[in-house]
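Chains A and B, in that order, are what the protein sequence lines are.
Residue 167 in my numbering is what sits at position 166 of the first sequence, and the numbering runs on without skipping anything.
Residue 86 in my numbering is what sits at position 85 of the second sequence, and the numbering runs on without skipping anything.
Just below is one structure, and these are the notes that go with it.
Number of protein chains: 2
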Amino acid sequence: MAPRKKQVADVNNTSPVSMADLARELGVSMTTISRALSDHHSIGPAMKQKVLKLAKKYNYQPNRLASALRKGKSQLLGIVVPYIEGRFFPSVVHGIETAASKAGYNVIICQSNEDVAQERRNLDILLSAQVAGILVSLSRTTRDFRHFEKVRGRGLPLVFFDRVVEGDNVNAVVLDDQEGGYLSTRHLIAQGCRRIAHLAGPQHLNIYRNRRQGYLDALREAGLPEDESLILYSDMAQDQAAEGLHQLLATARPPDGVFAAGDYAALGALQEAQRQGLRVPEDVAISGFSNETFTTITQPPITTVDQRCEEMGQASVRLLLDLIEADGRPFTPRQVALRPELLVRQSTAYSADTQGRSVRDPALKFVGDVAP
Amino acid sequence: MAPRKKQVADVNNTSPVSMADLARELGVSMTTISRALSDHHSIGPAMKQKVLKLAKKYNYQPNRLASALRKGKSQLLGIVVPYIEGRFFPSVVHGIETAASKAGYNVIICQSNEDVAQERRNLDILLSAQVAGILVSLSRTTRDFRHFEKVRGRGLPLVFFDRVVEGDNVNAVVLDDQEGGYLSTRHLIAQGCRRIAHLAGPQHLNIYRNRRQGYLDALREAGLPEDESLILYSDMAQDQAAEGLHQLLATARPPDGVFAAGDYAALGALQEAQRQGLRVPEDVAISGFSNETFTTITQPPITTVDQRCEEMGQASVRLLLDLIEADGRPFTPRQVALRPELLVRQSTAYSADTQGRSVRDPALKFVGDVAP
DNA sequence: GCAACAGGCACAATCGATTGTGTAAAGTAA
DNA sequence: TTACTTTACACAATCGATTGTGCCTGTTGC
């Protein structure tokens, strides 16, 4: 039986044209080619034109490896994230890639899989790839930060985002989680809630700690009592939240509002409330955190806090580029906190109509269904 | 006011140690170092030990740029995707990165933003970065495939995934969409549906064309009539689907089952059916496609087809690595079609209990809630 | 005892672009 | 005309690792 297919060509492999080829063709030196292409002042306009035209003709593409080797810096940025899944990280990466490519950089992406050892290895790889800068979101298991000193030691720009090393001598971009917790809780209060439970996440993670703090801030501001019995700690899983709310509802004074530090927890709470025959938001208002896709399609849609994923990516790149431009010169580390956006939906705004406005709190942005 | 912070160090920039440094320290040539590190046979075991030890001591990291420049191939794979968002592409990229890094490769990722011009530019960039191979999922606007010839011309391994160039002279990995459509429809028939509508997507996209074909296959197999009036074409948006079902339900002979070519369409259909007071699945069974996150949390959860995103990434990398290993030698192009997985949930299986089994069709895998 | 041989290592060219320095020719000022 | 700039380009070293070739030493074979 004859082979079904023709085989890939391997004889007509076009080797890419190099500056040497152009130089030979024009009878000039490689110096001239290089400088003409980079618009160096010591090359005459006539020669520049000739070189440019020839480069077009042969579709010359500079070898980035050679260039980077010589200059000691590539046009690559390294990203280290715990993983590329869910809603958050992909969106941030999307923002990063978009901003980076706009600035002429490309990104090489690594996953730590929530493992410090892998994170360390990734850093080494990025270093050996001579990236121009590194963006990191810490793995959950990272407690020791010495591996980042090596990066610093090389004078390589380093920016943390979302899961950051705390302190003011690092460059970091985060969401203002405390503000997010505050906005949510304040909104619940404005909706008339007086006994607001908080489904809190693991407190060793700064994000959950901050969301809780924002919750407390809002209570205090409104003169409401802080009641630890209204705060339930869990890993933010849907069923844990349901179970938690179940217990709270069984008490003598059940809550009339729930601020969940995560959308899955909010979902669990919503489902549990409905199982108990409660109306949401009339009997109990529920808000979440993260603006997961599903929050728009539940009945009712869930009020939540958007994390500005794309902006976070953009801001991180901006900061990194500033660092790269500083090029080793003194640079005062910056910590950027992005303002979260409260998205008011019907799980809290019982007076909001479906058209997209909240009657009670017109200052807040109301968001209904989202296009696929 | 004094600056609040100490500035980043710029004097103690540790320049990475090179092979030359090691050679100097040991009083041998760079050749020896290089060959010792790569375990070349012409280096004695004693010397190898000395070199290895010194390399450890100085934490030597080879400069990948230099290596790649010399060898003409880097340890980088290029990915070009339309965008990094939603559920599908991030998951595939996750699979790709995982498989690639396991094989010692890193990935540089580019977004085409559904724009051919950008796609072309991305290819050029990857070429100039001297990647070892390229993985592409086509932009929606790509009709002309000449820019891929340049990649081929260089003899660079190229694999398409999901959105592929059709034909049997390319390397490609896709989901067997036709099988997915077939499985879904067959399942609906097994559930007792006799008048099954199909919410179809744009037919110039092979995925939607194939899903529709699978639907037709199942109908034919079961001896059910093909009724074009039961097939509604749209862009798969939630509201379009709702509107479409609305019309179908108003006819004299409304459908008792709906196979939507996308989950958002299925969701729209589900909501519309419920608005009309119909019970799902008792009055009308509904199934979707893609296994979007939200399909597990609707009431009832939606039966759907999982696209094996991760496996697609892994399979693509495997194919690409095979091509790289072939190293220009004749290679018969391969087209891989992954078997989709039908996830039966309560939107179709009215006889299924919540515990996770389908009474009617025990051969099918029933999937309930999914952990966050 | 001499040749053929293998082991172990160094020399030097190479990948492709960049850049400090050198040097003609052309232009300007006095 | 002399001296001094500018303009426009070439030379050659360099980034760091790789690799074909060559050389020397010690070993084996007969």
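Where a beta carbon is used, it is the ideal one built from N, C-alpha and C, also for glycine.
Kindly indicate which three-state DSSP category isoleucine 298 of chain B falls into: helix, strand or coil? Residue state, collapsed to three classes: coil.
Under 9 angstroms (Cβ pairs) to chain B, residues found in the stretch 133-156 of chain A: Of all residues in the stretch 133-156 of chain A, only Lys151, Arg153, Gly154, Arg155, Gly156 place a beta-carbon less than 9 angstroms from a beta-carbon of chain B.
Under a Cβ-count criterion, where at least 16 other Cβ atoms within 10 Å of its own Cβ denotes burial, should histidine 199 of chain A be classed as buried or exposed? With 16 or more other Cβ atoms within 10 Å, it is buried.
How would you call asparagine 123 of chain B, buried or exposed, if buried means at least 16 neighbouring beta carbons within 10 angstroms? By the neighbour-count criterion, in which a residue is buried when 16 or more other Cβ atoms sit within 10 angstroms of its Cβ, asparagine 123 of chain B is buried.
Leaving out five residues before and five after glycine 156 of chain B in sequence, what residues of the same chain have Cβ atoms less than 6 angstroms from its Cβ? Taking C-beta separations shorter than 6 angstroms and ignoring five residues to either side along the sequence, the partners of glycine 156 of chain B in its chain run Gly329, following chain order.
Tell me which same chain residues have a C-beta within less than 7 angstroms of the C-beta of alanine 316 of chain A, skipping the five on either side of it? Non-local beta-carbon contacts of alanine 316 of chain A in its own chain, meaning distances under 7 angstroms to residues more than five positions away in sequence, involve Val174, Val337, Leu339 in chain order.
At the level of alpha carbons, what is the spacing between glutamate 222 of chain A and aspartate 236 of chain A? Straight-line Cα distance between these residues: approximately 28 angstroms.
If I'm right that phenylalanine 162 of chain A touches glutamine 308 of chain A with Cβ under 8 angstroms, what's the distance once you round it to whole angstroms? About 11 angstroms; that fails the 8 angstroms criterion.
Would you tell me roughly how many angstroms separate the C-alpha atoms of proline 341 of chain A and leucine 250 of chain A, rounded to the nearest one? Cα to Cα, proline 341 of chain A sits roughly 30 angstroms from leucine 250 of chain A.
If I measure Cβ to Cβ from alanine 219 of chain A and keep anything under 6 angstroms in the same chain, skipping five residues before and after, which residues do I get? Excluding residues within five positions, the ones whose Cβ falls inside 6 angstroms are Tyr183, Thr186, Arg187.
Comparing the C-beta of aspartate 125 of chain B with each C-beta of chain A, is any distance below 8 angstroms? Interface residue, yes.
Isoleucine 303 of chain A beta carbon less than 8 angstroms from that of leucine 324 of chain A: No, Cβ-Cβ distance for leucine 324 of chain A and isoleucine 303 of chain A is not below 8 angstroms.
What does leucine 206 of chain A touch in chain B if you count any residue whose Cβ is under 9 angstroms from its own? Going along chain B, no residue has its Cβ under 9 angstroms from leucine 206 of chain A, so there is no contact; the nearest lies around 15 angstroms.
Go ahead and pull the three-state DSSP assignment for cysteine 310 of chain B. Cysteine 310 of chain B: helix per DSSP, three-state reduction.
Is DSSP giving histidine 148 of chain B helix, strand or coil here? The three-state reading of DSSP puts histidine 148 of chain B in helix, counting H, G and I together.
Please determine, among A/Lys151, A/Leu343, A/Arg164, A/Glu311, the residue with the shortest C-alpha to C-alpha distance to lysine 96 of chain A. The sequence given here has glycine at residue 96 of chain A, not lysine. Among A/Lys151, A/Leu343, A/Arg164, A/Glu311, the Cα nearest to that of glycine 96 of chain A is on A/Glu311.
Note down, in chain order, every chain B residue with its Cβ under 7 angstroms from the Cβ of threonine 294 of chain A. From the beta-carbon of threonine 294 of chain A, the residues of chain B found nearer than 7 angstroms are Thr294, Phe295.
Give a yes or no on whether the minimum CB-CB distance between glutamine 112 of chain B and chain A is below 8 angstroms. With 8 angstroms as the cut-off, glutamine 112 of chain B counts as an interface residue toward chain A.
Keeping to the same chain, check which residues put their C-beta closer than 8 angstroms to that of aspartate 11 of chain A; ignore five residues upstream and five downstream. Summary for aspartate 11 of chain A: the model assigns pLDDT 41, below 50, so the residue's position carries little reliability, and this model does not support an answer.
Same chain only: Cβ atoms within 8 angstroms of aspartate 264 of chain A, ignoring 5 sequence neighbours per side: Around aspartate 264 of chain A: Gly289, Phe290, Ser291, Asn292, Glu293, Phe295, Thr296, Ile303, Thr305.
Mind checking alanine 47 of chain B: buried by the 16 CB within 10 Å criterion, or exposed? With fewer than 16 other Cβ atoms within 10 Å, it is exposed.
Alpha carbon to alpha carbon, what distance is there between lysine 57 of chain B and alanine 21 of chain B? Distance between the alpha carbons of alanine 21 of chain B and lysine 57 of chain B is about 15 angstroms.
Which word fits glycine 28 of chain B, buried or exposed, when buried means at least 16 other C-beta atoms lie within 10 angstroms of its C-beta? Looking at its Cβ environment, which holds fewer than 16 other Cβ atoms inside 10 Å, glycine 28 of chain B is exposed.
Interface partners of serine 129 of chain A on chain B, CB under 7 angstroms: By Cβ distance, chain B contributes Gln62, Pro63, Asn64, Arg65.
Is the shortest distance between the beta-carbon of asparagine 107 of chain B and the beta-carbons of chain A less than 8 angstroms? Output row for asparagine 107 of chain B: interface = yes.
What does DSSP give as the partner residues of asparagine 172 of chain A in its beta bridges? Answer by DSSP bridge pairing: none, since asparagine 172 of chain A is not bridged.
Are the C-beta atoms of glutamate 98 of chain A and some chain B residue less than 8 angstroms apart? Yes, because at least one Cβ of chain B sits closer than 8 angstroms to the Cβ of glutamate 98 of chain A.
Among B/Tyr216, B/Gln241, B/Gln239, which residue has its Cα nearest to the Cα of glutamate 229 of chain B? It is B/Tyr216 whose Cα lies nearest to the Cα of glutamate 229 of chain B.
Determine the DSSP secondary structure at aspartate 370 of chain A, reduced to helix, strand or coil. Bear in mind that a pLDDT of 37 at aspartate 370 of chain A, under 50, signals an unreliable position, so the number given afterwards is only what the model happens to contain. Coil at aspartate 370 of chain A, not helix or strand.
Buried or exposed: alanine 253 of chain A, going by 16 or more other Cβ atoms within 10 Å of its Cβ? Exposed, by the Cβ-count rule.
With a Cβ-Cβ cutoff of 8 angstroms, do glutamine 277 of chain B and tyrosine 234 of chain B count as a contact? Between glutamine 277 of chain B and tyrosine 234 of chain B, the gap from beta carbon to beta carbon reaches 8 angstroms or more.
Just the chain B side, please: which residues come within less than 7 angstroms of valine 94 of chain A by C-beta, in chain order? Proximity of chain B to valine 94 of chain A at the Cβ level (cut-off 7 angstroms) is accounted for by Ile85, in chain order.
Mind checking arginine 25 of chain B: buried by the 16 CB within 10 Å criterion, or exposed? So arginine 25 of chain B counts as exposed.
What did DSSP end up calling phenylalanine 332 of chain A once you bin it into helix, strand or coil? Of the three classes helix, strand and coil, the one that applies to phenylalanine 332 of chain A here is coil, per DSSP.
Which word fits threonine 32 of chain B, buried or exposed, when buried means at least 16 other C-beta atoms lie within 10 angstroms of its C-beta? So threonine 32 of chain B ends up on the exposed side.
So proline 256 of chain B and valine 285 of chain B are supposed to be a Cβ contact under 8 angstroms. How far apart are they, rounded? The C-beta distance from proline 256 of chain B to valine 285 of chain B rounds to 6 angstroms, short enough to meet the 8 angstroms contact threshold.
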